[in-house]
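J.:
Residue numbers (the numbering used here): 89 to 217.
#1: What runs of the alpha helix (DSSP H), each 4 residues or longer, lie entirely inside the segment 89-159?
#2: Mapping DSSP to helix, strand and coil, what is residue 175?
#3: How about residue 153 and residue 167: do their beta carbons lie closer than 9 angstroms?
#4: Counting C-beta neighbours from all protein chains within 10 Å, is the total for residue 105 16 or more, i.e. buried, or is it exposed?
#5: With C-beta atoms as the reference, is residue 126 less than 9 angstroms away from residue 141?
#6: In angstroms, rounded to a whole number, what distance separates the CA positions of residue 101 and residue 131?
#7: Taking C-alpha atoms, which residue in 113, 97, 121 lies nearest to residue 192?
#8: For residue 188, I'd like the list of residues in its chain whose CB is within less than 7 angstroms of its CB, leaving aside the five on either flank, ordered along the chain.
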């Protein structure tokens with residue numbers, strides 16, 4: 089899936105960690121999600137004050153990936169959003185800049201090495217046991 093996202097010019101992504109994978113692969117995406125009419129108000133209540141459902145959008149606090157939820161998720165709306173990424177250079181560049189922001193906020197990889205370096209900085213005794 090990662091290689092497909094890496095090569096894709098745009099994608100429709102279900103909410104969840106897939107949005108972060110799309111971000112890491114720098115694939116402009118539209119977040120799509122539809123759940124039961126009973127579950128949706130519960131989800132919105134849990135996420136109250138956040139304003140977004142997608143992890144990439146939550147990380148930045150703004151819309152990096154357009155979210156089409158519930159009744160807003162129609163074939164026409166999805167086609168319109170994907171078409172923008174495919175045909176409007178400014179929309180694509182804005183999406184890529186947003187994805188770069190997500191990736192920068194997440195640390196951009198190398199988490200294990202960064203954790204080891206932080207441990208060595210914080211606990212000098214670890215350097216010379």
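Glycine residues also receive a C-beta, built at the ideal position from the N, C-alpha and C atoms. Quick caveat: nothing in here was measured; it's all calculated off a predicted structure.
T.: The answer reads as follows:
#1: 90-95, 105-112, 127-134, 143-148
#2: helix
#3: no
#4: Residue 105 should be labelled exposed.
#5: no
#6: 18 angstroms
#7: 113
#8: Annotation for residue 188: no residue places its beta carbon closer than 7 angstroms to its own, counting only its chain and skipping 5 residues before and after.
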